[in-house]
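What follows is a single structure, written as structure tokens, with notes after it.
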Amino acid sequence: MCCVSENSARPRDAVADCLRNARKIVITTHLRADGDALGSLAALCWAARAAGKDCRMALGEPLPRRYGFIFGQERPEPLDRFADLAAGADALVVVDTCAEAQLQPMLESLRANRAKVAVIDHHATGDDLSDTTWSDTTAAAAGVMTAEMIDLLGWPMDRPTAEALFVAIATDTGWFRYNNTDARVLAQASRLLALGARPNILYTELYHCDRVERIRLLAAALDSLELLADGQLAVLTLAMDDFVRTGATGEETEEFVNEPLRIAGVEASVIFVEDGERIRVSLRSRSRVDVAQVARRFSGGGHARAAGCRIVGDLANVKERVLNACLAAIK
Ligand SMILES: [Mn+2]
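FYI, in this note's numbering the residues of the sequence shown are 10 to 340.
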């Protein structure tokens, strides 16, 4: 576990010192980057630049299409630049994860530069990436922590920065409807609106700009629905063939796993996505089942209500193993 000490001011201040003292900063985040990861990444970078820092963003994978609008004309640096950037940086910041499995392509550089690494994360599971780790599992989003960090440093926050943070916080709270929506979240959201964030425009960019190929893939996923354990466990499955047939891409499955939670009585939902020789597994839980525990058994991680893992193997075999673990967790 990476967690230095929960909710203590000292790890937070250590990260703040690291950022304050750095001239060149490089920021990165996890694979399969989501709104919280990318919003936090962009916001911290822009605030750092506004404070006079030389700051770069880097990703281990191409930027997911859905979140491109956050970055305007800019794009994070690609993976093949990471080792050089890391070596030249004074501070190497990882946001929204401290799990090595989620940072795999960057891991060698992160280890080689360990003394410069600082982590801002809100996940309950993770690895020991750095001694300078601010981990707060009570924070609904890395975006909440990033906003607090920018304030602590006294760095400027313009509208694009506020909107990136709003995307981070809104997406990780399911647009303020998950049970992680607390007073701290709504206080930040209110302040970001005061700084010019426009929720209606951000919502349209995020959720009303899909490709038709994605909707056809969603239809295939819904068509695959199975209900197990007396309707408490919902299962969706997408094989390679579904992508070929619909023309959709792997990143377009995001959020599909939430759909079966609309069904009364469903306690947990899992989607299996065939992705080359690996199967991507995403898990969601309504309230009772700890899906992070299931994911951990397969070297994954996440939160009690939202977790995932990637498993090498064939679809039928992986399904059987993970569903057995899910059924045991539901009992
Ligand atoms: Mn997050």
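Note that CB positions come from ideal geometry on N, CA and C, so glycine has one too.
Predicted model, so just to flag it, every value in this text is computed and none were measured.
Measuring from the CB of residue i, is there a heavy atom of ligand 1 at a distance below 7 Å?
i: Ala301; result: no
i: Ala156; result: no
i: Ala151; result: yes
i: Asp357; result: Only positions 10 to 340 of the chain appear in the structure, and residue 357 is not among them; the question remains open.
i: His217; result: no
i: Asp145; result: no
i: Asp232; result: no
i: Asp160; result: no
i: Asp45; result: yes
i: Asp191; result: no
i: Asp284; result: no
i: Asp22; result: no
i: Asp105; result: yes
Looking at the unbroken alpha helix (DSSP H) that takes in residue i, where does it start and where does it end?
i: Ile272; result: That residue, Ile272, is in no alpha helix (DSSP H); it is neither H nor E in DSSP.
i: Ser308; result: Run containing Ser308: none; DSSP gives neither H nor E here.
i: Leu332; result: 324-339
i: Ala23; result: 18-30
i: Ser139; result: Per DSSP, Ser139 belongs to no alpha helix (DSSP H) and is neither H nor E.
i: Ala100; result: Not the alpha helix (DSSP H): Ala100 falls in the beta strand (DSSP E), residues 100-104.
i: Arg120; result: 116-121
Taking residue i as part of the beta strand (DSSP E), name the residues at either end of that continuous run.
i: Cys318; result: 315-321
i: Ala127; result: 126-130
Measure how close the beta-carbons of residue i and residue j come, nearest whole angstrom, since I'm counting them as under 8 Å.
i: Ile129; j: Met154; result: 5 Å
i: Ala56; j: Ala151; result: Actually they are not in contact, since the Cβ atoms of Ala56 and Ala151 sit about 14 Å apart, beyond 8 Å.
i: Arg287; j: Val244; result: Not quite, the Cβ-Cβ distance comes to about 18 Å (not below 8 Å), so this is no contact.
i: Arg32; j: Asp99; result: 5 Å
i: Ala206; j: Phe175; result: 4 Å
i: Ile79; j: Leu53; result: The pair is not a contact, with the Cβ atoms about 13 Å apart (cut-off 8 Å).
i: Ala25; j: Met158; result: 6 Å
i: Arg314; j: Arg293; result: 7 Å
i: Ser291; j: Gly317; result: 5 Å
i: Phe281; j: Lys328; result: 5 Å
i: Arg75; j: Leu215; result: 7 Å
Could you tell me which whole beta strand (DSSP E) segments of length 3 or greater appear in the segment 162-227? Whole beta strand (DSSP E) segments, 3+ residues: zero.
Quick test of the definition: if touching needs 3 or more C-beta pairs under 8 Å, does the segment 130-142 touch the segment 171-178? No, because fewer than three Cβ pairs between the segment 130-142 and the segment 171-178 fall closer than 8 Å, the two stretches do not touch.
Between the segment 100-119 and the segment 192-209, do three or more beta carbon pairs fall short of 8 Å? Result no; under three Cβ-Cβ pairs closer than 8 Å.
Going residue by residue through the segment 228-306, where are the continuous alpha helix (DSSP H) segments of at least 4 residues, counting only ones entirely within it? DSSP assignment within the segment 228-306 yields the following whole alpha helix (DSSP H) runs of 4 residues or more, N-terminal first: 249-255, 300-306.
Beta strand (DSSP E) runs contained entirely in the segment 34-92, provided each spans 3 or more residues: Counting whole runs of 3 or more residues, the segment 34-92 contains the beta strand (DSSP E) stretches 63-67.
Is the segment 121-137 touching the segment 59-78 in the sense that three or more CB pairs, one from each, lie closer than 8 Å? The segment 59-78 vs the segment 121-137: no contact.
Could you tell me whether the segment 88-96 touches the segment 46-63, where touching means 3 or more Cβ pairs closer than 8 Å? Touching, no.
Assess contact between the segment 260-268 and the segment 296-304, defined as three or more Cβ pairs (one per stretch) separated by less than 8 Å. Is contact present? No, the segment 260-268 does not touch the segment 296-304.
Pairing CB atoms from the segment 214-233 with CB atoms from the segment 36-43, are three or more of them under 8 Å? Cβ pair count under 8 Å is below three, so no.
At least three beta-carbon pairs within less than 8 Å, the segment 17-24 to the segment 110-124: The segment 17-24 vs the segment 110-124: no contact.
Could you tell me whether the segment 235-243 touches the segment 272-281, using the rule of 3 or more Cβ pairs below 8 Å? Contact holds: three or more Cβ-Cβ distances are below 8 Å.
Counting pairs of Cβ atoms below 8 Å between the segment 255-265 and the segment 209-222, do you hit three or more? The segment 255-265 is in contact with the segment 209-222.
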